[in-house]
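Down below is the structure, laid out as structure tokens.
Numbering (this note's numbering), first residue to last: 32 to 189.
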């Protein structure tokens, strides 16, 4: 959904969408085709399918729910476990992303991802640990909860 929406909003962008789930990629391809939108989709874990490419923008919606967090039964029944849970503390994929993302970034780049509403402080610690020379901002959702993190590599946001 993210890759398709980006392409629809900015048709000149070259957009690549990845997912570990073959089924999710097949559905995304079908959705892109139905919207007459050209997005390249690749199956693989995190950066594996794009390890030899460089990007200006990386957008991710990783699983961020901790293993002990309570979820609505409807969500549990309709979403695959792998799409929801980010390890014991919900931060497993953020650690992996932030530790490795610089390998696929151009000199000037932006990273954006959704976070759980209580994860801001831990995410900021991870940014300082793995991407210390970057700047960042945290945006709130419509309910006033921390929801999006934007990280800027050599980009002036003033």
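Backbone N, C-alpha and C fix where the C-beta goes; we use that ideal spot for every residue, glycine too.
Which word fits residue i, buried or exposed, when buried means at least 16 other C-beta atoms lie within 10 angstroms of its C-beta?
i	result
residue 80	buried
residue 130	exposed
residue 147	buried
residue 50	buried
residue 38	buried
If I'm right that residue i touches residue j with Cβ under 8 Å, what's the distance once you round it to whole angstroms?
i	j	result
residue 154	residue 165	Their Cβ separation, rounded to whole angstroms, is 12 Å, which puts residue 154 and residue 165 out of contact at 8 Å.
residue 33	residue 90	5 Å
Cβ atoms of residue j and residue i: under 7 Å apart, would you say?
i	j	result
residue 120	residue 151	no
residue 92	residue 41	no
residue 88	residue 141	yes
Give the DSSP bridge partners of residue i, in chain order.
i	result
residue 136	86
residue 73	49
residue 181	143 and 168
residue 91	144
Query raised in the report: What are the start and end residues of each continuous alpha helix (DSSP H) run of 4 or more residues lying completely inside the segment 138-177, in chain order?
Result: 151-161
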